[in-house]
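K.L.:
Can you read through this structure? Questions will come right after.
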Amino acid sequence: MIDLSLHKGLHTAQGTMPLDIDITITKGQFVTLYGESGAGKTSILRMLAGLLSPDQGKIVVNESIWYDSTTKTNLKPQQRKVGFMFQDYALFPHMTVRKNLEYALSKNQDSGSIEELIQMVELGDLQHQKPSTLSGGQQQRVALARALVQQPEILLLDEPLSALDTKMRLKLQDYILKVHQQYNLTTILVSHNIGEIIKLSHQVHILEKGNIVKSGTPTEVLTSHKMSAKFRFTGEVIAIQQEEVVSIVTVLIGNNVVKIIAQESEIETLNIGDTVLVASKAFNPVIQKIV
Amino acid sequence: MNTLQGQISNIQVNGSLALVSTRINPIDFTAIVIETPETADYLKIGNTIHVLFKETEVVIATETSKNISLQNQIPGTVTQLKKGTLLSRLTIDTMVGDIVSVITTNAIDQLNITEGTKVTAMIKTNEILLQQ
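Right under this line is the structure:
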């Protein structure tokens, strides 16, 4: 359980903006902070990591106090079990992939975990190469592995995939989900990509000018569709095919492939890989007993 | 998807079903939903709501008839017709805005529909989705 109570005057171009956040995050959850630039999302991650001090508040992680303004408790970043990943990979250019990971080990830490991480994000063949010879997606995989070297309890992801193309982004999302589950992490993501948020997170908090204005599951909060459809699923677009005056959109929902007829105006903004809501009224589907 | 905006004018509830009328001047659209004001807070008289229905669910008639079960009937004029081999799309200018319908090209030919034809677009109550 992570209890965050953070209060700070943030300096912005428009003057000081008060950040007031009180949230509880259950251990093992994948939580996303969503909101406009300057709403305070990155500041929250930085305060949790110990890179920025709140004016007032308390950070309690699994019953251990990381920060408490009343008792002047403030653990140093290296004492907090946090892994951080940014959009900028920030890898050391003169070191190989493996060396970049080893450099992140804490003193006296066994290097055995490095091998496991290399396998986990499938960097085995690239481990002796320098970052400049890798693609953006591969470098970001190194950054993800590096964030996990010190076996954090919390993984903080600050728009880590926003610079990658769709295909690469989808792949990295799978790696992130894999490590989140494998290492039993509590993950906090800052993202603007709705599809990504729906795919990855259990819970979303929407921030506006330093305050949380809405919280809930991604479909509740982001699709915001109070809709009378009772037959409703989220899926991923895998094909779009034009047929005469309509288009056939193929969507992967769980393990099932379904097809939906759509109009030209509806597919204009639709791309392969997009997460979509597929909805119909309860009156349309037919039901038949199998066997 | 055809999307129109209006205000809820009437709600008739029985069990977990509700027949909801939405006023989109000057027409009342009726939709049957498995929601009641108790299960969905957007079901409130006067509330602004979107009425959604798929193009492929819009039935077209060239003559209006009272002997038909379809409750939502909107008269208009075909302004655009795009004919395919099997399916055709028509845009109808109505009092509530443009409504798009996709029907078979056979039906277009049978009804002799061209741009300028006066038609009535009809939608079954169970094909209408409500969304806030």
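Residue numbers (the working numbering), protein chains in the order written: chain A, 801 to 1091; chain B, 21 to 152. C-beta atoms are modelled at their ideal positions from N, C-alpha and C, and glycine is treated no differently.
Identify which residue in B:PHE49, B:ALA127 and B:GLN93 has its Cα closest to the Cα of LEU101 of chain B.
P.N.:
B:ALA127
K.L.:
Would you list, in sequence order, the uninterrupted beta strand (DSSP E) runs of no fewer than 3 residues that lie entirely inside the segment 887-963 of chain A?
P.N.:
954-958
K.L.:
Could you check the C-alpha separation between LYS74 of chain B and THR1019 of chain A for me, to the nearest Å?
P.N.:
Between LYS74 of chain B and THR1019 of chain A, the C-alpha separation is close to 22 Å.
K.L.:
How do the segment 955-965 of chain A and the segment 989-1009 of chain A stand: do at least 3 beta-carbon pairs fall below 8 Å, yes or no?
P.N.:
yes
K.L.:
Can you tell which of B:SER36, B:VAL139 and B:GLN151 has its C-alpha closest to the C-alpha of VAL78 of chain B?
P.N.:
Of the residues B:SER36, B:VAL139 and B:GLN151, the one whose Cα lies closest to the Cα of VAL78 of chain B is B:VAL139.
K.L.:
What does the alpha-carbon distance come out to for the pair VAL1058 of chain A and VAL98 of chain B?
P.N.:
32 Å
K.L.:
Considering only C-alpha positions, which residue in the set A:GLN982, A:ASN900, A:GLN1003 and A:ASP868 is nearest to MET847 of chain A?
P.N.:
A:ASP868
K.L.:
Strictly below 8 Å CB to CB, what residues from chain A border LYS102 of chain B?
P.N.:
Those are VAL1045, listed as they occur along chain A.
K.L.:
Between PHE1031 of chain A and chain B, is any beta-carbon pair separated by less than 8 Å?
P.N.:
no
K.L.:
Would you identify the three-state DSSP class for MET801 of chain A, choosing helix, strand or coil?
P.N.:
coil
K.L.:
So which of B:ILE28, B:ILE44 and B:SER36 has the shortest CA-CA distance to THR114 of chain B?
P.N.:
B:ILE44
K.L.:
Looking only at its chain, what residues have a beta carbon closer than 7 Å to the beta carbon of ILE1060 of chain A, apart from the 5 residues adjacent to it on each side?
P.N.:
VAL1049, VAL1051 and VAL1078
K.L.:
By DSSP, does ALA81 of chain B sit in helix, in strand, or in coil?
P.N.:
strand
K.L.:
Output needed for LEU149 of chain B: all residues of its chain with C-beta closer than 6 Å, excluding positions within five of it in sequence on either side, in chain order.
P.N.:
LEU72
K.L.:
Figure out for me which residue from A:GLN1063, A:ILE1090, A:PHE1083 and A:GLU1043 has the closest Cα to the Cα of THR105 of chain B.
P.N.:
Restricting attention to A:GLN1063, A:ILE1090, A:PHE1083 and A:GLU1043, the CA atom closest to the CA of THR105 of chain B is found in A:GLU1043.
K.L.:
Could you tell me which whole beta strand (DSSP E) segments of length 3 or greater appear in the segment 812-857 of chain A?
P.N.:
815-825 and 830-835
K.L.:
Assess, as a yes-or-no matter, whether the segment 842-861 of chain A is touched by the segment 897-909 of chain A under the definition of 3 or more beta carbon pairs within less than 8 Å.
P.N.:
no
K.L.:
At the level of alpha carbons, what is the spacing between GLU915 of chain A and LYS827 of chain A?
P.N.:
26 Å
K.L.:
Could you list which residues in chain A have their beta carbon closer than 8 Å to that of THR76 of chain B, in chain order?
P.N.:
Chain A residues near THR76 of chain B: VAL1046 and ILE1061.
K.L.:
Identify every run of the beta strand (DSSP E) within the segment 125-149 of chain B, keeping only runs that are complete inside it and at least 3 residues long; order them along the chain.
P.N.:
138-143
K.L.:
Output, in sequence order along the chain, the residues in the segment 56-85 of chain B whose CB is closer than 7 Å to any CB in chain A.
P.N.:
ALA60, TYR62, GLU75 and THR76
K.L.:
Check distances from the C-beta atoms of the segment 103-117 of chain B to those of chain A and list, in chain order, the residues that come in under 7 Å.
P.N.:
GLY104, THR105, LEU106, LEU107, SER108 and ARG109
K.L.:
Helix, strand or coil, according to DSSP, for ASP61 of chain B in the structure here?
P.N.:
coil
K.L.:
List, in chain order, every chain B residue whose beta-carbon is nearer than 8 Å to that of ALA1082 of chain A.
P.N.:
Those within 8 Å of ALA1082 of chain A in chain B are ILE54.
K.L.:
Find the nearest neighbour of GLN152 of chain B within the set B:PRO95, B:TYR62, B:ILE80 and B:ILE88, judged by alpha-carbon distance.
P.N.:
B:TYR62
K.L.:
Okay, do the segment 816-833 of chain A and the segment 996-1010 of chain A touch, 3+ Cβ pairs below 8 Å being the bar?
P.N.:
Yes, since at least three Cβ pairs between the segment 816-833 of chain A and the segment 996-1010 of chain A fall closer than 8 Å, the two stretches touch.
K.L.:
Taking contact to mean 3 or more Cβ pairs, one atom from each stretch, closer than 8 Å, check whether the segment 1070-1087 of chain A and the segment 1022-1041 of chain A are in contact.
P.N.:
yes
K.L.:
Using beta carbons (cut-off 8 Å, strictly below), is GLU147 of chain B in contact with chain A?
P.N.:
yes
K.L.:
Which partner residues of ASN30 of chain B appear in the DSSP bridge assignment?
P.N.:
DSSP lists B:SER41 as partners of ASN30 of chain B.
K.L.:
So, are the CB atoms of MET885 of chain A and ALA813 of chain A less than 8 Å apart?
P.N.:
no
K.L.:
What is the DSSP secondary structure of ILE998 of chain A, counted as helix, strand or coil?
P.N.:
helix
K.L.:
Determine the DSSP secondary structure at MET1027 of chain A, reduced to helix, strand or coil.
P.N.:
strand
K.L.:
Starting from the C-beta of GLU953 of chain A, find all residues in its chain whose C-beta is less than 6 Å away, skip the five residues before and the five after it, and write them out in chain order.
P.N.:
Closer than 6 Å at Cβ, skipping near neighbours: LYS881.
K.L.:
Applying the criterion that 16 or more other CB atoms from any shown protein chain within 10 Å of the CB defines a buried residue, is MET801 of chain A buried or exposed?
P.N.:
Looking at its Cβ environment, which holds fewer than 16 other Cβ atoms inside 10 Å, MET801 of chain A is exposed.
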